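Here is the structure we will look at, set down as structure tokens.
In UniProt numbering, the protein residues as written are 1 to 169.
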């Protein structure tokens with residue numbers, strides 16, 4: 001009976017150690033991608049910043065126009081303020097307040113829209129990068145792909161960044 005228990009426990013040890021060896025062997029191919037580098041290179045390639053600047057150029061020009069009008073009115077107040085009647089001075093102050101209010105409202109809306117559109121473009125790039133990572137990992141037989149920021153040490157041969165960037169369409 002004791003020999004049977006010894007044989008069973010020895011078999012169990014061999015079986016469990018071979019399972020751990022197989023599990024370790026299956027997860028050996030680990031790569032990493034510098035997603036920050038990929039994002040910046042792809043943003044440059046797709047000219048995201050230029051595209052967004054073009055998209056919002058009209059609204060930026062409108063804000064600059066309001067700034068110019070405000071500056072002109074302020075200079076007029078400084079230059080001719082003492083010669084103006086109280087009514088004229090009050091009118092210019094009201095116009096300045098209206099321009100300031102309009103400017104702040106439009107500037108806030110522009111900033112929110114720019115942030116929203118920037119996030120949309122970023123999400124498009126993230127989706128392309130994830131698709132490329134999946135493609136490159138499957139093609140090269142990688143089981144796990146990590147972000148380079150999470151990796152403390154790895155071989156340069158496991159850096160998939162350039163392959164991922166090349167794979168993005």
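We put the beta carbon where it would ideally sit given N, CA and C, even for glycine. Predicted, not measured: the structure shown is a model, and the values here were computed from it.
Can the beta-carbon of residue i be found less than 7 Å from the beta-carbon of residue j?
| i | j | result |
| --- | --- | --- |
| residue 48 | residue 121 | yes |
| residue 162 | residue 37 | no |
| residue 30 | residue 144 | yes |
| residue 33 | residue 164 | yes |
| residue 73 | residue 105 | no |
| residue 138 | residue 168 | no |
| residue 111 | residue 63 | no |
How many Å lie between residue i and residue j at the Cα?
| i | j | result |
| --- | --- | --- |
| residue 151 | residue 40 | 20 Å |
| residue 43 | residue 78 | 46 Å |
| residue 102 | residue 130 | 42 Å |
| residue 50 | residue 61 | 16 Å |
| residue 109 | residue 146 | 38 Å |
| residue 13 | residue 142 | Residue confidence for residue 13 is low, a pLDDT of 48 falling below 50, so the modelled location carries little weight; the figure read from the coordinates is stated next. Cα-Cα distance, rounded: 30 Å. |
| residue 132 | residue 54 | 28 Å |
| residue 71 | residue 94 | 14 Å |
| residue 89 | residue 67 | 19 Å |
| residue 57 | residue 134 | 37 Å |
| residue 140 | residue 153 | 20 Å |
| residue 118 | residue 158 | 31 Å |
In three-state terms, what does DSSP make of residue i?
| i | result |
| --- | --- |
| residue 105 | helix |
| residue 96 | helix |
| residue 31 | strand |
| residue 146 | strand |
In chain order, what residues of the same chain lie with their CB nearer than 7 Å to the CB of residue i, ignoring the 5 residues before and after it?
| i | result |
| --- | --- |
| residue 69 | 99 |
Measure the beta-carbon distance from residue i to residue j and round it to whole angstroms, keeping in mind my assumption that it falls under 8 Å.
| i | j | result |
| --- | --- | --- |
| residue 189 | residue 52 | With the chain represented from 1 up to 169, any question about residue 189 goes unanswered, as that position is not in the structure. |
Might you give, ordered along the chain, the residues of its own chain that have their beta carbon closer than 6 Å to the beta carbon of residue i, omitting 5 neighbours on each side?
| i | result |
| --- | --- |
| residue 35 | 147 |
| residue 59 | 110 |
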